[in-house]
Structure formats: C-alpha cells, structure tokens
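There are 2 protein chains.
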Amino acid sequence: MSELGQMLLNLFVLYAAARLAGALFLRLRQPAVVGEILVGLLIGPHALGLLQHSPAIDSFHALFAELGVVFLLFIVGLETDPVSLWRVGRQASLVGTLGVILPFALGYALMQVTGRFSLGESLFVATALTATSVGITARVLADLRALGTVVANVILGAAVFDDILGMLVLAVVSGLTLGALSGSNLALLLAETVAFVLLAVFLGRPAVHRMAPRIAARGLGQDPVFALAVTLCFAFSALAELIGLAAIIGAFFAGIIFAETKEAAPLRRAMQPIYQLLVPIFFVLMGAQVDLHALSTGSLLALGLVVTLLAILGKVIGCGAAALSLGWRNALAIGVGMVPRGEVGIVVASIGLSRGVIGPGIYSIVILMCVLTSLLGPPLLRQALLRGREVPPEAPGDEGRP
Amino acid sequence: MSELGQMLLNLFVLYAAARLAGALFLRLRQPAVVGEILVGLLIGPHALGLLQHSPAIDSFHALFAELGVVFLLFIVGLETDPVSLWRVGRQASLVGTLGVILPFALGYALMQVTGRFSLGESLFVATALTATSVGITARVLADLRALGTVVANVILGAAVFDDILGMLVLAVVSGLTLGALSGSNLALLLAETVAFVLLAVFLGRPAVHRMAPRIAARGLGQDPVFALAVTLCFAFSALAELIGLAAIIGAFFAGIIFAETKEAAPLRRAMQPIYQLLVPIFFVLMGAQVDLHALSTGSLLALGLVVTLLAILGKVIGCGAAALSLGWRNALAIGVGMVPRGEVGIVVASIGLSRGVIGPGIYSIVILMCVLTSLLGPPLLRQALLRGREVPPEAPGDEGRP
Chain B
0 MSELGQMLLN LFVLYAAARL AGALFLRLRQ PAVVGEILVG LLIGPHALGL
50 LQHSPAIDSF HALFAELGVV FLLFIVGLET DPVSLWRVGR QASLVGTLGV
100 ILPFALGYAL MQVTGRFSLG ESLFVATALT ATSVGITARV LADLRALGTV
150 VANVILGAAV FDDILGMLVL AVVSGLTLGA LSGSNLALLL AETVAFVLLA
200 VFLGRPAVHR MAPRIAARGL GQDPVFALAV TLCFAFSALA ELIGLAAIIG
250 AFFAGIIFAE TKEAAPLRRA MQPIYQLLVP IFFVLMGAQV DLHALSTGSL
300 LALGLVVTLL AILGKVIGCG AAALSLGWRN ALAIGVGMVP RGEVGIVVAS
350 IGLSRGVIGP GIYSIVILMC VLTSLLGPPL LRQALLRGRE VPPEAPGDEG
400 RP
Chain U
0 MSELGQMLLN LFVLYAAARL AGALFLRLRQ PAVVGEILVG LLIGPHALGL
50 LQHSPAIDSF HALFAELGVV FLLFIVGLET DPVSLWRVGR QASLVGTLGV
100 ILPFALGYAL MQVTGRFSLG ESLFVATALT ATSVGITARV LADLRALGTV
150 VANVILGAAV FDDILGMLVL AVVSGLTLGA LSGSNLALLL AETVAFVLLA
200 VFLGRPAVHR MAPRIAARGL GQDPVFALAV TLCFAFSALA ELIGLAAIIG
250 AFFAGIIFAE TKEAAPLRRA MQPIYQLLVP IFFVLMGAQV DLHALSTGSL
300 LALGLVVTLL AILGKVIGCG AAALSLGWRN ALAIGVGMVP RGEVGIVVAS
350 IGLSRGVIGP GIYSIVILMC VLTSLLGPPL LRQALLRGRE VPPEAPGDEG
400 RP
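Protein chains in written order, with numbering that gives the first Met the number 0: chain B, 0 to 401; chain U, 0 to 401.
Here it is as structure tokens:
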C-alpha cells in the first residue's frame, strides 16, 4: 500500500471512530473528548491495532496531531476574552489562583514523596493537575439551567484565569525539563515567558488591532482576517517553539489577541470546521498512545487513582476555600465545577510525552486522571448544585439537542 | 531546531507567502493560484530556499499537500451539481467532450513525435491538457457582467462535463502508468473506474441521501453532516488509492454525492475555511517543486511553449468547433473561455510527479502551461467577448471587491 493510501486509510479510521464515539458519548450525556480518548485506546496499537504504521506515517501522525493541538489552543485563546478577566473580579481570580496552586503542590509532593520519579515527571504531572476544562462544566451548567447564577459566573471567570495561569506554568515547566534544571535556567525561562507575553501584548496586539479592520475593509484576498489569524497562529507557535516554550503557548496567545477584535465572532465561526476536522483526530491519536499494560506494571494504576483523588481534592479544597465567603454550599459547587481536566490536561501530557520527559506509564496515568475527572465531575456538580439550591429538574424530551 | 518547530516555521512561511501573493494577484485581476505557484517557485529549494528540510519534514509536506488536494477535489465535486448536467444540454456536453478529446490527442501526439518521452510522460501531459479551470473564467464573466448569456451558460455547463470526463481520463491514466501497459491492464482499470463510479452512484449516493437528513434531524454530535462528509471523503479517497486510482478521484465523487443533498449549501460554507487553510499551502508547495533550471536543459522550455500553444489551440478549436452553431464569434468566445487550466492541471502534474511517472522537467513544463493559460485566458476572453457583442464596460471603482 502506498504511503498516501496508508495515510488516507488511517484518517478514515481515526475520523470515523472519533465522530462515532464522540456522538455516542454526547448521547450518554458524557463529554465527547472522553469517547474520543477511549475509542483511540481501543483502535490503538496496544489494543486492536487498526492503524497502519511506518516511520513516515508515524511522523505524519505526530505532526498532524500537533497541528490539531495548535489550532485547539488557538481556539481556546480566541474564546478567552481577557477583558472579562477584569470583570470576574477578586472572587474568581482568587478561585482560579488557588485552584492552580493547590493541585500543583499536591501533585508535585505526591510524585516526589514516592521517590521513584524524576523532577521532570513530577513537574509534568503537577502541571497537568492545574488544568480546568470549562467546556465540560459549562455544558452541565447549561443542562441544569444554572448559567447566570453566581456559582456559574465564578466558575467561568475562574476558568479563564486558570487557563492563562496554567499556560504560564506550562511555558516554564516545558522549557525547564528540556535542559538541565538550574537557577539561571529557571530565570531565563521566566524571562522568555514574560518577554513572549509582553511581545504578544505590546507588539502583536496593537498590530493586529490596527491591521484587522483595515484589511477587512479593503477586502484583500478572500477572508483576509482569517488569513491574518492563521498566519499569526503559525508565527507565534513557531516562535514559542523556537525559544523553548511549547508551541501551544504561542497559539493560545495569538488566539487571545484576536479574541478582543471586532472580527472575533466571524473568526470563531470560521475556526469551527477546522476544529471539527483536526481536534477529534488529535484526541483519538492521544488515546491510541495510552498503554494499559504500562499501568499494570509496578503500582502505576494505584498511583493513577491517587493522582485522580488529589486532582479532585486539589480543586474542591483549593477553589472551595477561595469561595467560602459565598457560603459553603456554593463553595462546594464551585470547587466541584473546576474538577474536570478534559482536553487541557491531555495536551500537557502529550507535550511531556513528545518531548521525552515522561514515559508511557506516566502518560497513561495523566490520561486516566483526565478521563476520570471528566467523567466524575459532571455528576458530582449536578449533586452539589441540586442539593445546594432549588434547580428546575431537567426538561424532558430534550435528548435530541446537539 | 525541533521537527515541530521546523514544521511550524515552514507552515508560517508557506501560509504567509500564499496569502500575500494570492491577495496581490487578485488585486492585479489575476488568478490567486498563479500568485501562489509563483511565490512557491520563489521561496522553494530551487530559488531562495526559505523552507526547512529533513526527511520527516519533506514527507510531512508531501502528505499535507495530498490532504489539501483531496479537500480541493472534494470541494470541486461539492460544487459540481450532476443534475445540472442534464440541463446543460447537447451543446455544452458536445463542447465539453471535444474540449477533452482534442487537447488530449494533440498533447499525446506532440510528446510521442518528439520521440524522447515515455508513454507515461506523454499520457500525463495529454491528461493535464484536458483540464479546464472554470473558476478563472467565471470570474472574468462576472467582471464583464456576462453571466447568464448563452456563452456563459455553455462554458459553465461544458466545464462540469469537462471536470467529470477529465477525472475519468485521469483515473485510467494514473492507474495505467503505475503498472506495465497492456490491454488486460487497460481493461482492468476501465473496469475498476466504472465499478468505482457505479459504487458511488448506486451505493454511496442513496446511503448518503438517506442518512444525511436523518442525522441532521437527530443532531448526533456536533455538525453531523460535516462529520459524515469528511468521513466519506477519506473513505472514498483511501478506496480509490487502494485500488490504484488516484485518491482525488474518490474525493471528487464523494463531493458530487453531497452536491445533490439538501445539506450541500451549509456544507459548502463549512468547507470554505478548510479550503482557505489547506489549498493555498498546496499550491505554494507545488510551485516550490518547479525547477526552472530543468526547463533550461535540452529544449524543454521550447517544448513547454509548444505544449502551451497546443493547450490553447486544443480548447479554442475543439470547443469552438462544437459550438459553431451559435455563430463563430460566440464559438470563439466559448473556446477561449475553456483555455485556463489553473488548479486542475497542476493537480494532474502533482500526481504524475509523486507517482514517479514524470520527472522535474516534464512537471515544470506542465506547471508552465497551467500558469500561462491561466494568465492568457482572461485577457483573450475579454477581447473575444467585447468584440463579439455589446458588453457594458467595467464599472469604475470596484477594484476593492474581493
């Protein structure tokens, strides 16, 4: 079979599996990303082995997956309006900050006290624990007609804060573990991260804000704002990667720059088909790399469950404590709402694996944690919300909605 | 630099160059595809050499370009409503048929009489000459407010016919030149092509027409018709490649199947961003493979110019003769309108090159022919139309339109 034939056959298998599993899980009221990960595990080389492999094909998978995650983070950035950061206020930023610090500290401490893992492995697990997948929680809030409540507003505001803070942590951690760890190395990475963000804010942002309306008005070429956005996404991703930060950091900040423009709404719409094409394939490929066998060696499965427990406790206690002034029932609901790690934790794991900092065992632990928190978060949040206050029961007969 | 960094840097260079050159050429009232090809030539390894290279990166470029051309042909299929084939009538189908036969015969004869080229090289050049890029002509017709005239209707109808006929020729030729040429081989390929088209028409078409409205109504997952379309595009492309036809044949027929559905209009809109992302990069990569040096060896440049002349004469005489009943001025305008080869000819050349049937010299000749016919076609058509009948002069001040 030609390489092109192998690639197309793989894309067919990956895409059909992704969309079927995603639709099935949505129908079961579960996150699509969990279905995509699990079907990837099923068709991957450690289970059914339905994909063709060759050095060129594997390298194409790796680069294609990276392209998917670059667009994923660009779109996450595009939906992160930094102006809303000022609006969410003290409460949400406190929730977001404590929700990053406590899980990071817990994860790092656990990995280090076992005495079996390198600094890089500990840092990557800790970083994966900082993530919050707000999409999963937002869906639960919408299902329970709880959007617009104080709980929902604090969760959604804190998640924006969490995203940005988590990206900065990842920027430093992904760079740190590439080279030897030292004080000067850490200082350099912090300086690079700060320089990158300042470049984005003080050069990229005004340039885009001046150019976007101008080229939109002049109609240079077809959909010029889309062309500018994709160009900037590639430029920032490449630049971030070249200076040792992860490519997705660049993509994320490129997205944020466009989030504030007037053209953000049509741009979000234009990015949807690209998301639908690339991102499901990314998650299936990530699932295909999970090696359940690796989890059965040593006591990795037990460790994975402890990591998952800390992932839940870290957010519930950290975010809950920060929100105690809203009453303990609201605080509990907010903490539980921040639990699902979803796609962002998986992205962190994929970077650790592709950079060779973590092996298949730790990778599988992080994926396990992301899948379990994404599955457990929604029912826990439903319980916390329904007990905490009167919420209308779910409307019957709406199972047909997307 | 990491492979990921190299890939992202290349994507940045490719995408920025593509969109800038495309916008510039549109502003100069020239086809964007010509700008993309020329800027590819400029940044490619035979000129400035602005792209990073490694075996993994080169293989990624090749597979990524293939993905672009698969979506390009899927979208061409999606815009080819086969029902309109019945409407265009005898005149347009005759124009389309003669416009395929005469250029093919002229190209094949030229390559064979020189006595220097293999059967495969002759067949690929002949096949590239059959193409018509209706997009370029449609833009000229729209500029001259000539859409809706008999000339425009015949050209647009004949181009649909030409597309389908050209794809069938390419299906057979691309398969033929893979194996040894023999009568039984030819019979097998014809049988495979017919079987593939029958499969698409009698299995794929009713299945899609039954499933598409159903999954659209049930709302399975996000944008389920898009998911079905992409899945079918990958499935048909892989199948075509596996049985020895070119992948794009499968993509083209998958597109045609969806062209008739009620969901075709939203699907076309959803495909636009994917087109804008992948297709400009494809053309720049195709331009980067042009080796002007190869043209200077032997008398390849002279041959390229003769091929271009035959490309023009083949369409003008072939299509013109078929339209003589409409008067010679209209016939001339129709023949000239079919001259631009644009993207379809380039796709044929890229398949020949990637399958190793044609070398860089013949590849560069075909690209030269495509660029020249795409540049010369529009002014010739303008002349023919303006002399042939009263056409309102171009409205002033519309240079700002996309």
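Every residue gets a Cβ at the ideal spot worked out from N, C-alpha and C, and that includes glycine.
I'd like to know if the region 119 to 137 of chain B and the region 356 to 371 of chain B are in contact, where contact means that at least 3 CB-CB pairs between them fall below 8 Å. Proximity of the region 119 to 137 of chain B to the region 356 to 371 of chain B meets the contact definition, three or more beta-carbon pairs being nearer than 8 Å.
Taking C-beta to C-beta, are residue 188 of chain U and residue 244 of chain U nearer than 9 Å? Sequence index remark: in the second sequence, residue 188 of chain U carries index 189 (1-based). Sequence index remark: in the second sequence, residue 244 of chain U carries index 245 (1-based). Going by C-beta atoms, residue 188 of chain U is nearer than 9 Å to residue 244 of chain U.
Return the chain-ordered list of same chain residues with a C-beta closer than 8 Å to the C-beta of residue 128 of chain U, the five sequence neighbours on each side being excluded. Walking along the second sequence from the start, residue 128 of chain U turns up at place 129. Correct list, in chain order: 102, 103, 105, 106, 306, 309, 310, 313, 340, 344, 368.
Step through the CB atoms of chain B and report whether any lies within less than 9 Å of the CB of residue 0 of chain U. In the second sequence, residue 0 of chain U corresponds to position 1, counting from 1. Yes, because at least one Cβ of chain B sits closer than 9 Å to the Cβ of residue 0 of chain U.
Residues of chain U with CB under 7 Å from residue 29 of chain B, in chain order? Indexing the first sequence from 1 puts residue 29 of chain B at position 30. Those within 7 Å of residue 29 of chain B in chain U number zero; the least Cβ separation is about 12 Å.
Determine the chain B residues that contact residue 236 of chain U at a beta-carbon separation under 7 Å, and present them in chain order. Locating residue 236 of chain U in the second sequence gives position 237, counting from the first residue. Ordered by position in chain B, the residues that pass the 7 Å Cβ test against residue 236 of chain U are 7.
Report yes if the CB atom of residue 131 of chain U is closer than 9 Å to the CB atom of residue 158 of chain U, and no otherwise. Residue mapping note: residue 131 of chain U aligns to position 132 of the second sequence, counting from 1. Residue mapping note: residue 158 of chain U aligns to position 159 of the second sequence, counting from 1. Against a cut-off of 9 Å, the Cβ pair of residue 158 of chain U and residue 131 of chain U comes out as a contact.
Could one say the Cβ of residue 4 of chain U lies closer than 9 Å to chain B's Cβ atoms, at least one of them? The residue you call residue 4 of chain U lines up with position 5 of the second sequence. Against chain B, the CB of residue 4 of chain U has a partner CB under 9 Å away; the residue lies at that interface.
Nearest-angstrom Cα separation, counted from residue 266 of chain U out to residue 215 of chain U: In the second sequence, counting from the first residue as 1, residue 215 of chain U sits at position 216. In the second sequence, counting from the first residue as 1, residue 266 of chain U sits at position 267. Residue 215 of chain U and residue 266 of chain U: Cα-Cα distance of roughly 12 Å.
Could you please tell me which residues of the region 337 to 359 of chain U, in chain order, have their CB closer than 8 Å to any CB of chain B? Result list: 353.
Residue ranges of each beta strand (DSSP E) within the region 313 to 354 of chain B, 3 or longer: Under the rule that a run must span 3 or more residues, no beta strand (DSSP E) segment is found entirely inside the region 313 to 354 of chain B.
Three-state secondary structure assigned by DSSP to residue 148 of chain U: Counting from 1 along the second sequence, the entry for residue 148 of chain U is found at position 149. It is coil, neither helix nor strand.
Own chain partners of residue 234 of chain U with C-beta closer than 7 Å, once the 5 adjacent residues on each side are dropped: One-based indexing of the second sequence puts residue 234 of chain U at position 235. None.
I'd like to check one pair, residue 170 of chain B with residue 256 of chain B: are the Cβ atoms closer than 9 Å? The sequence position of residue 256 of chain B within the first sequence is 257, counting from 1. The sequence position of residue 170 of chain B within the first sequence is 171, counting from 1. Contact: no.
Return the Cβ separation of residue 38 of chain U and residue 17 of chain U in integer angstroms, given the expectation that the two are a contact with Cβ distance under 8 Å. Residue numbering aside, residue 38 of chain U sits at position 39 when the second sequence is read from its first letter. Residue numbering aside, residue 17 of chain U sits at position 18 when the second sequence is read from its first letter. Residue 38 of chain U to residue 17 of chain U, Cβ: 7 Å. Contact.
Unbroken stretches of the beta strand (DSSP E), 3 residues or longer, contained in the region 25 to 93 of chain U: Residue ranges of uninterrupted beta strand (DSSP E) with 3 or more members are absent from the region 25 to 93 of chain U; none lies entirely inside it.
Minimum Cβ-Cβ distance from residue 240 of chain B to chain U less than 9 Å: Your numbering for residue 240 of chain B matches position 241 in the first sequence. Cβ-Cβ to chain U under 9 Å: yes for residue 240 of chain B.
When you compare each of B:323, B:303, B:222, B:322 to residue 273 of chain U by their alpha carbons, which one comes out closest? Looking up residue 273 of chain U in the second sequence gives position 274. Out of B:323, B:303, B:222, B:322, B:222 has the C-alpha closest to the C-alpha of residue 273 of chain U.
I need the boundaries of the alpha helix (DSSP H) containing residue 230 of chain B, first residue and last residue. Your numbering for residue 230 of chain B matches position 231 in the first sequence. In the DSSP annotation of this structure, the continuous segment of the alpha helix (DSSP H) that includes residue 230 of chain B starts and ends at 223 to 241.
Using a threshold of 9 Å, state whether the C-beta atoms of residue 374 of chain B and residue 288 of chain B are closer than that. One-based indexing of the first sequence puts residue 374 of chain B at position 375. One-based indexing of the first sequence puts residue 288 of chain B at position 289. No. Outside cutoff.
Where the alpha helix (DSSP H) through residue 259 of chain B begins and ends: One-based indexing of the first sequence puts residue 259 of chain B at position 260. Note, residue 259 of chain B: premise wrong, no alpha helix (DSSP H); not H, not E.
Less than 9 Å between the C-beta atoms of residue 70 of chain B and residue 269 of chain B, yes or no? Taking the first residue of the first sequence as 1, we reach residue 70 of chain B at position 71. Taking the first residue of the first sequence as 1, we reach residue 269 of chain B at position 270. Using a Cβ distance threshold of 9 Å, residue 70 of chain B and residue 269 of chain B do not count as a contacting pair.
Under a CB-based cut-off of 9 Å, is residue 69 of chain B close to chain U? Within the first sequence, numbered from 1, the residue matching residue 69 of chain B stands at position 70. Taking a beta-carbon distance threshold of 9 Å, residue 69 of chain B counts as an interface residue toward chain U.
Contact defined as beta carbons within less than 8 Å: I believe residue 333 of chain B pairs with residue 154 of chain B. What is the distance between those atoms, to the nearest angstrom? Taking the first sequence and counting its residues from 1, the one referred to as residue 333 of chain B is at position 334. Taking the first sequence and counting its residues from 1, the one referred to as residue 154 of chain B is at position 155. Taking 8 Å as the upper bound for CB-CB distance, residue 333 of chain B and residue 154 of chain B are in contact here, some 6 Å apart.
Contact criterion: CB-CB distance below 9 Å. Does residue 191 of chain B meet it with respect to chain U? To locate residue 191 of chain B, count along the first sequence from 1; it is residue 192. Output row for residue 191 of chain B: interface = no.
Extent of the continuous alpha helix (DSSP H) to which residue 121 of chain U belongs: Counting from 1 along the second sequence, the entry for residue 121 of chain U is found at position 122. From DSSP, the alpha helix (DSSP H) with residue 121 of chain U extends over 118 to 129.
Taking residue 261 of chain U as the reference, give the member of U:35, U:48, U:384, U:80 with the closest Cα. Start at 1 with the first residue of the second sequence, and residue 261 of chain U comes out as number 262. For residue 261 of chain U, the closest C-alpha among the options U:35, U:48, U:384, U:80 is that of U:80.
Burial state of residue 113 of chain B (16 or more Cβ within 10 Å): If you number the first sequence from 1, residue 113 of chain B lands on position 114. The residue in question, residue 113 of chain B, is exposed, as its Cβ has fewer than 16 Cβ neighbours within 10 Å.
Leaving out the 5 sequence neighbours to the left and right, which residues in its chain are closer than 8 Å to residue 52 of chain B when beta-carbon positions are compared? Reading the first sequence from its first residue, position 53 is the one you call residue 52 of chain B. Beyond the five residues adjoining it in sequence on each side, residue 52 of chain B comes within less than 8 Å, by CB distance, of 44 in the same chain, given in chain order.
Taking 9 Å as the cut-off, decide whether the C-beta atoms of residue 237 of chain B and residue 11 of chain U are in contact. The sequence position of residue 237 of chain B within the first sequence is 238, counting from 1. The sequence position of residue 11 of chain U within the second sequence is 12, counting from 1. A contact, by the Cβ cut-off of 9 Å.
Can you tell me which of the three DSSP states residue 136 of chain U falls into? Taking the first residue of the second sequence as 1, we reach residue 136 of chain U at position 137. If DSSP states are grouped into helix, strand and coil, residue 136 of chain U belongs with the helices.
Does the beta-carbon of residue 222 of chain U, which I'm using as the reference point, lie nearer than 8 Å to any heavy atom of the ligand FAD? You won't find the ligand FAD in this model; it holds no ligand whatsoever.
Closest Cβ-Cβ distance between residue 161 of chain B and chain U: below 9 Å? The count along the first sequence starts at 1 and reaches residue 161 of chain B at position 162. Contact with chain U is absent for residue 161 of chain B, since none of that chain's Cβ atoms lies less than 9 Å from the residue's Cβ.
Just mark residue 0 of chain B as buried or exposed, buried being the case when its beta carbon has 16 or more other beta carbons within 10 Å. Sequence index remark: in the first sequence, residue 0 of chain B carries index 1 (1-based). The residue in question, residue 0 of chain B, is exposed, as its Cβ has fewer than 16 Cβ neighbours within 10 Å.
Could you have a look at residue 466 of chain B and say whether DSSP puts it in helix, strand or coil? Nothing about residue 466 of chain B can be reported from this structure: the residues present for chain B run from 0 to 401 only.
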